[in-house]
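This report concerns only the one structure given below.
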Amino acid sequence: MADFLYKGVVDWFLDQMSQEAIVPGDKMPSLRALSKQLGLSLNTVIHGYELLSEDGWIESRPKSGYFVCHRSDTKPALLLAGDELRELANDGTKPAWSCLAHRAALVDQSEAFLSPAARQEEVHLPVLGKGHLAVREAVSEHLKGLGIKVHASHLWLGHSPLAIFTQTVQTLTQRGDSVLVLTPCDPRITTTLQSLGRQVIALTAGERGVDLDLAIRCLRDKAIRLIVLPGQFSFPAGQLVSNLSLRRWLAIIEETKLPVIEWDLCSHLAYRAGSMMTYKSMDSSDHIVYIGGVESKGVDRSASWCLPGRYQAVLEGAFLGADMALSDAQQMALNDALQSNSKRSLTKRAREVWANSERVKAHLETRLGEHVSFAASKGGMSLWMRLSKPLDVASMTALLAGFRHAIMPGALVSHEADANHWLAVNVTLDDVEPLAKALAEHLVVDEEIKTTKTINDPVIEPTTESAEVSEQREEAEEIEEIAEAIESDLQMFDVLEANNVGASDKEAKKSRNATTEPLYNPMLDLINHDFG
Numbered sequence: 001m002a003d004f005l006y007k008g009v010v011d012w013f014l015d016q017m018s019q020e021a022i023v024p025g026d027k028m029p030s031l032r033a034l035s036k037q038l039g040l041s042l043n044t045v046i047h048g049y050e051l052l053s054e055d056g057w058i059e060s061r062p063k064s065g066y067f068v069c070h071r072s073d074t075k076p077a078l079l080l081a082g083d084e085l086r087e088l089a090n091d092g093t094k095p096a097w098s099c100l101a102h103r104a105a106l107v108d109q110s111e112a113f114l115s116p117a118a119r120q121e122e123v124h125l126p127v128l129g130k131g132h133l134a135v136r137e138a139v140s141e142h143l144k145g146l147g148i149k150v151h152a153s154h155l156w157l158g159h160s161p162l163a164i165f166t167q168t169v170q171t172l173t174q175r176g177d178s179v180l181v182l183t184p185c186d187p188r189i190t191t192t193l194q195s196l197g198r199q200v201i202a203l204t205a206g207e208r209g210v211d212l213d214l215a216i217r218c219l220r221d222k223a224i225r226l227i228v229l230p231g232q233f234s235f236p237a238g239q240l241v242s243n244l245s246l247r248r249w250l251a252i253i254e255e256t257k258l259p260v261i262e263w264d265l266c267s268h269l270a271y272r273a274g275s276m277m278t279y280k281s282m283d284s285s286d287h288i289v290y291i292g293g294v295e296s297k298g299v300d301r302s303a304s305w306c307l308p309g310r311y312q313a314v315l316e317g318a319f320l321g322a323d324m325a326l327s328d329a330q331q332m333a334l335n336d337a338l339q340s341n342s343k344r345s346l347t348k349r350a351r352e353v354w355a356n357s358e359r360v361k362a363h364l365e366t367r368l369g370e371h372v373s374f375a376a377s378k379g380g381m382s383l384w385m386r387l388s389k390p391l392d393v394a395s396m397t398a399l400l401a402g403f404r405h406a407i408m409p410g411a412l413v414s415h416e417a418d419a420n421h422w423l424a425v426n427v428t429l430d431d432v433e434p435l436a437k438a439l440a441e442h443l444v445v446d447e448e449i450k451t452t453k454t455i456n457d458p459v460i461e462p463t464t465e466s467a468e469v470s471e472q473r474e475e476a477e478e479i480e481e482i483a484e485a486i487e488s489d490l491q492m493f494d495v496l497e498a499n500n501v502g503a504s505d506k507e508a509k510k511s512r513n514a515t516t517e518p519l520y521n522p523m524l525d526l527i528n529h530d531f532g
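One point on numbering: in UniProt numbering, the residue at position 402 of the sequence shown is 402, and numbering is uninterrupted.
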């Protein structure tokens with residue numbers, strides 16, 4: 001019996017967890033239902049839920065109830081801000097081809113989301129370049145939840161956010177122009193810029209944002225023609241951009257007068273419901289071209305919207321010429337998804353994705369243990385997972401052959417020296433076990449086999465022949481370890497060389513050590529860094 005009645009709620013919850021009757025991602029019983037089930041007063045149950053919330057076991061979502069969270073037993077992986085700018089090699093269309101091969105890993109895996117309802121009679125209305133007014137008004141209402149006040153007449157609808165992004169870049173910049181991009185981000189941003197012949201300068205954001213001094217120095221010393229800012233829960237780190245960060249960036253934009261693109265496809269995938277601020281919500285001078293939307297792997301089941309801001313006049317022709325309009329059926333599906341009381345609403349799907357994300361994370365951590373760790377995430381389409389050791393080329397190739405829709409290699413997302421240690425895992429997967437099993441084969445099984453052999457091998461008197469065999473086997477294993485070490489070093493060197501890092505081995509080692517065991521000084525953060 002619990003010392004205090006409200007602790008009876010905690011005891012009940014922990015007992016349910018131990019029996020796996022409740023697992024991460026599940027919705028908790030309502031307060032009244034549990035009150036009746038346990039024979040406790042409503043106030044007692046409320047107090048018990050508050051205790052569970054404080055300890056990180058459950059989380060309240062307004063208008064949705066309480067949900068079970070995954071409590072990690074491993075130390076979270078830290079994403080550190082880069083201490084230098086990285087000019088990405090201009091490899092033409094090669095990076096774009098590589099990235100688009102992984103498109104499914106970037107979008108919602110649901111086949112049903114944004115699919116048209118039961119087929120109705122054809123609506124004989126023209127598909128306008130911007131989209132039907134009623135649908136644009138629904139999008140306008142959705143954007144109000146992000147702090148963006150916009151008139152429906154200023155909105156453009158399209159079937160692909162990447163198509164809108166491409167048209168915007170081609171209109172506002174010229175081939176050879178330099179573009180500053182905050183990373184890690186959706187890799188389609190950087191690869192598209194490279195394929196269009198723009199010089200990409202990457203500035204890495206960490207857990208607490210970017211070094212704004214470095215950003216200001218870049219804008220002062222380099223001829224930047226465009227800035228690209230990933231929005232809330234940017235792929236793949238799931239960071240929540242603070243109001244302070246938004247205001248400081250807006251001050252920089254106001255001073256430089258440069259055009260800015262905000263890429264915001266995940267703001268609806270927050271772990272907590274409520275209004276989410278965006279860069280665009282504070283953009284009083286309309287310097288920001290805002291691109292948002294939702295994407296699914298189904299054919300013709302994606303939709304995007306754009307606010308051109310002050311660049312409406314120059315972008316209008318580009319958007320019309322690209323003919324990106326949604327069909328009547330697509331617009332009806334989008335309109336339905338934006339209605340909060342709809343069975344296929346965006347908010348309902350967001351809750352499903354959040355719950356599934358907790359299950360995916362719990363499953364991977366249980367299956368892979370200390371071989372993986374996750375960067376803290378507050379929402380988004382993926383988990384940013386750090387491997388204890390990078391996969392070699394053969395292992396990564398084999399993994400991607402079966403799970404290209406589920407994971408994104410870190411080297412496509414991040415341009416830091418330790419990028420090969422990272423994987424982005426799509427959290428909308430229905431079944432993560434096949435992926436976990438495949439990862440275990442590369443990260444866990446080999447070590448388990450070695451350990452088992454060491455423990456279970458019988459002790460026998462060695463003969464001359466067995467001693468020679470044993471010695472040969474040890475030499476072979478030693479050679480194999482050396483080869484693996486050399487291959488790992490070569491891969492690391494390739495990454496550094498491709499990104500023009502130019503750092504010495506000592507600096508690279510220092511970077512790796514800093515990633516695993518960072519030293520954090522809050523005063524330095526207060527002075528120099530952005531609280532993103």
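All C-beta atoms, glycine included, are put in the ideal place defined by N, C-alpha and C.
Note that the coordinates shown come from a computational prediction; the quantities given were computed from them, not determined experimentally.
The segment 239-253 and the segment 261-269 do not touch, with fewer than three beta-carbon pairs separated by less than 8 Å. Below 8 Å, too few C-beta pairs join the segment 231-251 and the segment 107-114 to call them touching: fewer than three.
With the rule of 3 Cβ pairs closer than 8 Å, the segment 338-351 does not count as touching the segment 32-47. By a beta-carbon distance limit of 8 Å, E358 does not contact G65. Their separation comes to about 14 Å.
Comparing C-alpha distances from K437 to each of M408, R386 and T366 shows the shortest one belongs to T366.
Between N90 and Q194, the beta carbon gap of about 6 Å places them in contact (Cβ cut-off 8 Å). Taking the C-beta atoms as reference points, R220 is found no nearer than 8 Å to V179. Take R71, set aside five residues on each side of it, and the residues of its chain with a beta-carbon closer than 7 Å to its own are G56 and W57, in chain order. Under DSSP, I227 shares a beta bridge with L180 and V260. Along the segment 385-413, the beta strand (DSSP E) occurs as fully enclosed runs of 3 or more residues at 407-409, listed in sequence order. In terms of Cα proximity to V294, the closest of Y311, C306, I288 and A77 is C306. By the Cβ criterion, the segment 85-100 is not in contact with the segment 284-303, since fewer than three pairs of Cβ atoms, one from each stretch, lie closer than 8 Å. Residues S373, F374, A375 and R386 of the same chain have their beta carbon placed closer than 7 Å to that of A77, with the five preceding and five following residues left out of the count. Look at E137 here: in three-state DSSP terms it is helix.
Within the same chain, no Cβ atom closer than 6 Å to the Cβ of G369 is found once the five residues on either side in sequence are excluded. Under the three-state reduction of DSSP output, F374 falls in the strand class. Residue pairing for C185: DSSP places it in no beta bridge.
At the C-beta level, L212 and R248 come within 8 Å of one another. Annotation: V360 is outside any beta strand (DSSP E); the continuous alpha helix (DSSP H) that includes it extends over L346 to L368. Of the other Cβ atoms in all chains shown, fewer than 16 fall within 10 Å of the Cβ of K257; this residue is therefore exposed. When the alpha-carbon of R217 is set against those of R208, L346, I201 and L146, the nearest one is in I201. Around the beta carbon of T183, a 10 Å sphere encloses 16 or more other beta carbons of the protein chains shown; the residue is thus reported as buried.
Unbroken beta strand (DSSP E) stretches of 3 residues or longer found wholly inside the UniProt domain "HTH gntR-type" (3-71): 58-61 and 65-68, given in chain order. Of all alpha-carbon atoms in L52, E441, L429 and R351, the one lying nearest the alpha-carbon of V10 is that of L52.
Judged by DSSP in its simplified three-state form, Q232 adopts coil rather than helix or strand. Of the candidates F13, S115, R404 and D83, the residue whose Cα lies closest to the Cα of A417 is D83. Inclusion of K378 and A270 in the CB contact set at 8 Å is warranted, their separation being smaller than that value. Cα atoms of R404 and G8: separation of roughly 46 Å, rounded to the nearest angstrom. Minimum Cα-Cα distance from T190 among the listed residues P230, R208 and T171 corresponds to P230.
In this structure, the alpha-carbon of L172 lies about 8 Å from that of P259. If you look at L429, you'll find it isn't in any alpha helix (DSSP H); DSSP assigns it neither H nor E. For L443 and K389, the gap between their C-alpha atoms comes out near 8 Å. Each residue's CA atom was taken as its position, placing K361 and L383 some 8 Å apart. In the same chain as K130, and ignoring 5 residues on each side of it, the C-beta atoms closer than 7 Å to its own belong to R136, L155, W156 and L157, in chain order.
For A337, the enclosing alpha helix (DSSP H) covers residues D328 to A337.
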